[in-house]
Amino acid sequence: MVHRSSFVPATAALIALVYLLSLSAVCEAASFEDTRCKCVCDKTWDASGKETRAVFTNTTRSEQCDCEHVVKPLAPFLSCSRCLCRTETRNTTTIKVVVIFIICVVSLLFVYMLFLLCLDPLIQRRPTSYQQHTNEEVNLSRGVPEEDMSSGPRTEDAAATTPTGAGPSPQAMSARQRSLLNMVSKEQKKWKGTVQEQRKNIYDRHSMLN
Amino acid sequence: MRHRHIVKKRMEGCWEQVKGAHDAWSGWVCVLLVGVAAGTCAGIIDIGATWMSDLKEGVCLEAFWFNKEQCCWSGPSLNATSLDSAIKCKQWYSWGQMISGGSDAGSYIIGYLFFVLWALLFGMLAAMLVRVFAPYACGSGIPEIKTILSGFIIRGYLGKWTLLIKSVGMMLAVSAGLSLGKEGPFVHVACCCGNIFSYLFPKYGRNEAKKREILSAASAAGVSVAFGAPIGGVLFSLEEVSYYFPLKTLWRSFFCALIAAFILRSINPFGNDHLVMFSIDYDEPWHLQELIPFILLGALGGLFGKFFIKFNIMWCRYRKFSRLGNYPIFEVLAVTFITALLSYPNPYTRMNTSELIKLLVSRCGPEDDVELCDYGRNLNMTDTFKYSAVAGNDVHSALWKLALALIFKMVITIFTFGIKIPAGLFIPSMAVGAIVGRMMGIGFEQLIVSNPDSVFFSNMCEAPDKCIITPGLYAMVGAAAALGGVTRMTVSLVVIMFELTGGLEYIVPMMAAAMTSKWVGDALGREGIYDAHIALNGYPYLDSKEEFTHTTIAADVMRPRRNDPPLAVITQDSLTVEETESLLRNTEHNGFPVVVSRESQYLVGFVLRRDLNLAIANARKTSDGVVSNSVIYFTGHVPVNPHGPAPLKLRKILDMAPVTITDQTPMETVVEMFRKLGLRQTLVTHNGRLLGIITKKDVLRHIAQLQNQDPESILFN
Chain A
1 MVHRSSFVPA TAALIALVYL LSLSAVCEAA SFEDTRCKCV CDKTWDASGK
51 ETRAVFTNTT RSEQCDCEHV VKPLAPFLSC SRCLCRTETR NTTTIKVVVI
101 FIICVVSLLF VYMLFLLCLD PLIQRRPTSY QQHTNEEVNL SRGVPEEDMS
151 SGPRTEDAAA TTPTGAGPSP QAMSARQRSL LNMVSKEQKK WKGTVQEQRK
201 NIYDRHSMLN
Chain B
1 MRHRHIVKKR MEGCWEQVKG AHDAWSGWVC VLLVGVAAGT CAGIIDIGAT
51 WMSDLKEGVC LEAFWFNKEQ CCWSGPSLNA TSLDSAIKCK QWYSWGQMIS
101 GGSDAGSYII GYLFFVLWAL LFGMLAAMLV RVFAPYACGS GIPEIKTILS
151 GFIIRGYLGK WTLLIKSVGM MLAVSAGLSL GKEGPFVHVA CCCGNIFSYL
201 FPKYGRNEAK KREILSAASA AGVSVAFGAP IGGVLFSLEE VSYYFPLKTL
251 WRSFFCALIA AFILRSINPF GNDHLVMFSI DYDEPWHLQE LIPFILLGAL
301 GGLFGKFFIK FNIMWCRYRK FSRLGNYPIF EVLAVTFITA LLSYPNPYTR
351 MNTSELIKLL VSRCGPEDDV ELCDYGRNLN MTDTFKYSAV AGNDVHSALW
401 KLALALIFKM VITIFTFGIK IPAGLFIPSM AVGAIVGRMM GIGFEQLIVS
451 NPDSVFFSNM CEAPDKCIIT PGLYAMVGAA AALGGVTRMT VSLVVIMFEL
501 TGGLEYIVPM MAAAMTSKWV GDALGREGIY DAHIALNGYP YLDSKEEFTH
551 TTIAADVMRP RRNDPPLAVI TQDSLTVEET ESLLRNTEHN GFPVVVSRES
601 QYLVGFVLRR DLNLAIANAR KTSDGVVSNS VIYFTGHVPV NPHGPAPLKL
651 RKILDMAPVT ITDQTPMETV VEMFRKLGLR QTLVTHNGRL LGIITKKDVL
701 RHIAQLQNQD PESILFN
C-alpha cells in the first residue's frame, strides 16, 4: 500500500504490463488454476508390483473433491478409505501483480541508483556542499503534512526531468514549471543531505547499527 | 494541553463534538492503517522473497511469476495415467536443464554457477541499494526500535525511504541465500509504517511520547505478520521491545496485530491457507519421559545462544574498530559468495531456510519422498505413518548432511548478522535449533523403536510395532530453545512458536525448553543479543530488567559538578536574540532551563534547542522588527517599550511542566522515573531554585561507573 502510493510511474507501467500479460495469459491459463483438489493416499503396489504415487491432484472445478472423483478414475484398485482429499485455493492474479510490481520497483530503483552514481556527478559539475542535516519532521510540523508523503515520486521525477530540462531554453518553460522544478530539486537536495548524514553515521563513524 | 483545548471546545457545538470524537478515535484509526500497511508489505515481501529465491535455481517458463511450488501446484495433469511415484513437474525448468540440455554433470555445474551468480547479484543489489538510498535500512532494527521506544530519537530511522529500501533489501537478501531471515526486519518495516501514518494524526505526529504508543502497536503487528502470530506479537511487544506498556497500548497492539494478520491472511502469500510456511498438521501425544530430551534441547539452545552472542559481538566489534568496516559492500559480497559456494552441494543448506524449518518440523506423510522420510514402514498396516519405524539408509545419510548443515549455519550466521544489509536472525537461529532437534528426535525415536519392550518406554508403545515418537516435535522444541537462547524471550517465544506451528498440544514441552534455555543462557551471560548490540553501539538505553540497588542521591549525579562552569540557563525576560544565539552556538545541550533571573534561579520551564533554533530563525525571517538586540520573552505579558526594538514572544515553545526532583531524591527513584516515564532529562531543584540537570546519559554513565566499567567507552558519541 505504501509502496504503491510512492511510485506513481511504477504503477502506470505496472498496469500496462499486467494488461498485456493478462491478454497473453488467456491462451495458457489452463495449466495454472486457482483451485485444486489434492488427495493424498497411502502408497501401495499396483498390478505390476511398482509403488504407486501418493498425491493426486485435480484442477477441474466441475467435479467434487473426493476420492471417488479424483483417485478412482486413475487407480481403481486403491481403497478410498486410505485417501484424504482437500480443496486448496490460491490467487494467481495477486501473485502475478505482486511479482511484476516488485520487478518494476527494483528496476526503477536500480536505474535511479545508476543515475545517482554515474550521471549525477557529471551533470552537477560543482561538488555539492551538503547542508547540515535537516530532518523531515521539522518540515511536517510546520504545516505540509500530506505533501511530504509523496516526496518519493517527486525525487523520482527529478531524476527524469533534470537532464532533459537542462537542454532547451529556459524561457520556454512557464514559471509554474520552473517553480515546480525548483521545489523538486530542493527536495532532492534535502533528501541527499539526509542520506549523506546517515552514511556518515554508519559507514564512516561506525556509531550506529554495527 | 491540546487535549484540554479540545475538551473545552467540545462544549461549544455539534461540529466541535465531532471533532472531539475524531480526536478520540484517531488512535484506533491510526493503528488500523498501520495494520493494513504492515499486512500488505508483508504479503508483498513474502511473495517476492519466495519467488526470488527460487529464481536462483530455475524459472517457471510458462508463467515466470510463479515460484517452484506454485509452478507445480497443479501437479501432473489429470490425463497422466501413469501411477509412477516419480513423476516430475514439467513446467519448472532449472537453469542447468535449460542450457545444457540434459547431461547430469553439465547441468549440475551450470546450476551451481547460476546459483552463485544470482546470489552475488542479489547480494550486491541489496548492499548497493542500502548504501545509496537508505543506510539506516541495514541490520535487524530491533535494537534500535527498543532504543527509540525507550525515548531516544534517531532522525530518519523510520522514514519512507527506509521503509522502501528495507522491504526491497529484505527480499533481495533472503533470496541471495544468506543465512538470515526477514522476520526481525518486519518489526522495523511495521514501525516505519507506524511512524509514517502517525503524521496523519496531529495527536500522534507532533508528540514523541504518543507516537511511541503507535510504535509499540506497530511492532506487535510486525511480529504478527512475520510469524502469523498475533498474540505472540502483542506479547513480544510487551516483553522484548516496549518500555512503557499501559493497558491502552495493549488493546491497540492487539487490534493492530489482528488487522495485520487478517490482511496477510487474505493475501494468502503461501497459497496454503495459512499465515506462515510451517504449520504442522499432527497432534500426536507426547510422553512424560520425553521431557528429558526436551530439557536437554533447552540447555543446548541456551548454550548455543551464549556461544552465538559472544562470537557475533566479537566479530561486530572487530568490524567496528578495524579496517574491515571500511569495505561494507565488499564484505557483503564475500559473505554471499562463501555462503552460496558452500551451501549449494548440501541440499539442506541449498534450500531456503524457511523451507528447511518447514521440512524439519513436519511429520513424514505418504506424499514425502525426501531422504529424511525413508523409513522401513509396513504399508499393509492402517495409519502406518502415525507410528515410528526403523530408519532406512537414506535417513542416515540425511543425518550426516544435517550435521554438516548445522555446523555451516552456526558459523556463517555469526559472520552474517551485522553486515550492511537488512538481516534478521530469528530464522537462522530457529533453523539451527530445528536441525539439532530433529537429529535428537530421530536418535530418540530409533532408540525406542529398537527397544520397545524396555521398562522405561513401555507406555510409549501400544504394541511392539506401534510406538509414537514424532521427530518433528523435537525440531519444533529445538527451534524454540535456540531462539530463546539467542533472544532470551520466554512467554512471547512460546506463544509465537505455538501460533506459528499450530501445535497447541505442545505448549508444555516448549515452555520447559524455553525456560531451561533462558536459565542456562542467563547463567552464562545476562544479556540477550539485542541488549548486547545496544551496548555495542552505546545507545542510551536504560535496561528495565535490572534493578538499581545503590544508595546515591540525585546531587551526586547531576550536572554541573562542583568544578564545572555553571549551568547554561535562559532567563525569562532579559536575554536578547543575539545572546541566545551565541549561547546556542557555544553549547551543545539539547535543551535549556528557563529561570526567572540569574540571581534567584527560580525555575520557569524548559525549552528545547530545536524549538528555540526554529523559532528564532522563523522570527528573523517573517516578523518585522525582530533584530539582534530584541529581547526574548517567555512570560505571559510583555512590557510595552516604544523605544527599543520589537520583543520576541516565545511562550508557546516553553514547556511549563518539566519533570523536576529535589537534590536529595535517591537515585533509585530517579532511575525508576526515567524508566517508567521515558524521560530524557530531569531538572534538579533545591528550595525551589534550579540547581542542575540530570540527563539520561548522566544516569547511564553513573550506572556504568557503579559497575566499575569505563563510562566513556560504552556511551553513544
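Protein chains in written order, with full-length UniProt numbering: chain A, 1 to 210; chain B, 1 to 717. Using N, Cα and C, we set each Cβ at its ideal position, and we do this for glycine too.
A direct Cα-Cα distance of roughly 37 Å separates B/A137 from B/G20. B/M476 sits close to B/G437, with the two beta carbons spaced by under 9 Å. Going by DSSP, B/T660 is part of no alpha helix (DSSP H) but of the beta strand (DSSP E) stretching over T660 to T662. Scanning its chain for C-beta atoms nearer than 6 Å, with the 5 sequence neighbours on each side dropped, one finds around B/T682 the residues V659, I661 and I694, in chain order. Taking a cut-off of 8 Å for Cβ pairs, the stretch 161 to 168 of chain B and the stretch 110 to 124 of chain B do not touch, as fewer than three such pairs fall below it.
Minimum Cα-Cα distance from B/F197 among the listed residues B/K146, B/I214 and B/H188 corresponds to B/I214. For B/A217, the CB contacts under 6 Å within the same chain, skipping 5 residues up- and downstream, are V31, R252, S253 and C256 in chain order. Put simply, the CB of A/I123 is far from chain B, with every gap to its CB atoms at 9 Å or more. Below the 8 Å Cβ cutoff, chain A contributes S31, F32, E33, R36, T57 and T59 as neighbours of B/S74, in chain order. C-alpha of A/I103 to C-alpha of B/K166: approximately 16 Å in a straight line. With respect to chain B, the C-beta atom of A/S207 has a partner C-beta closer than 9 Å. Closer than 9 Å to the CB of A/Q188 there is not a single CB belonging to chain B. Closer than 9 Å to the CB of A/Q64 there is not a single CB belonging to chain B. Per the DSSP secondary-structure output, B/E578 pairs with nothing in a beta bridge. When secondary structure is reduced to three states using DSSP, A/Q64 falls in the coil class, being assigned neither helix nor strand. For B/T470, there is no enclosing alpha helix (DSSP H), as DSSP gives it neither H nor E. In terms of beta-carbon proximity, A/E68 stays away from the interface with chain B, with every pair separated by 9 Å or more. Residue pairing from DSSP places B/H686 in a beta bridge opposite B/R689.
The count of Cβ pairs closer than 8 Å, one atom from the stretch 563 to 578 of chain B and one from the stretch 595 to 605 of chain B, reaches three, so the stretches are in contact. In this structure, B/V223 keeps its C-beta atom at 9 Å or more from the C-beta atom of B/S628. Setting aside the 5 residues that flank it on each side, B/T501 is surrounded in the same chain by F278, S279, I280, V361 and M476, each with a C-beta closer than 7 Å to its C-beta; the list follows chain order. DSSP places A/R176 in no beta strand (DSSP E) but in the uninterrupted alpha helix (DSSP H) bounded by A175 to R199. Rounded to the nearest angstrom, the gap between the Cα atoms of B/A299 and B/A42 is 33 Å. Distance between B/I47 and B/S429, taken at the CA atoms: about 22 Å. The C-alpha of B/L648 lies about 12 Å from the C-alpha of B/T580. With contacts defined as CB atoms closer than 9 Å, B/G433 and B/A480 qualify as a contacting pair.
Just so you know, the alpha carbons of B/A173 and A/L109 end up roughly 16 Å apart. Contact annotation for A/T94 against chain B: G43, I47, I267, N268 and P269 [CB-CB distance below 9 Å, chain order]. B/W118 is positioned such that its CB atom lies no closer than 9 Å to that of B/S179. The alpha carbon of B/V29 has as its nearest neighbour, out of B/A555, B/I267 and B/P202, the alpha carbon of B/P202. Within the same chain, M667 come within 6 Å of B/T552 by CB-CB distance, once the 5 residues on both sides are set aside. The DSSP assignment places complete alpha helix (DSSP H) segments of no fewer than 4 residues inside the stretch 203 to 231 of chain B at 208 to 227, in order along the chain.
For B/Q707, the nearest beta carbon of chain A is not closer than 9 Å to its own beta carbon. Residue burial annotation: B/G688 is exposed, with fewer than 16 other C-beta atoms found within 10 angstroms of its C-beta. Within chain B, M128, L129, V132 and F133 have C-beta atoms less than 8 Å from the C-beta of A/M113, given in sequence order.
Residue environment analysis places A/R176 among the exposed positions, since fewer than 16 neighbouring C-beta atoms fall within 10 angstroms of its C-beta.
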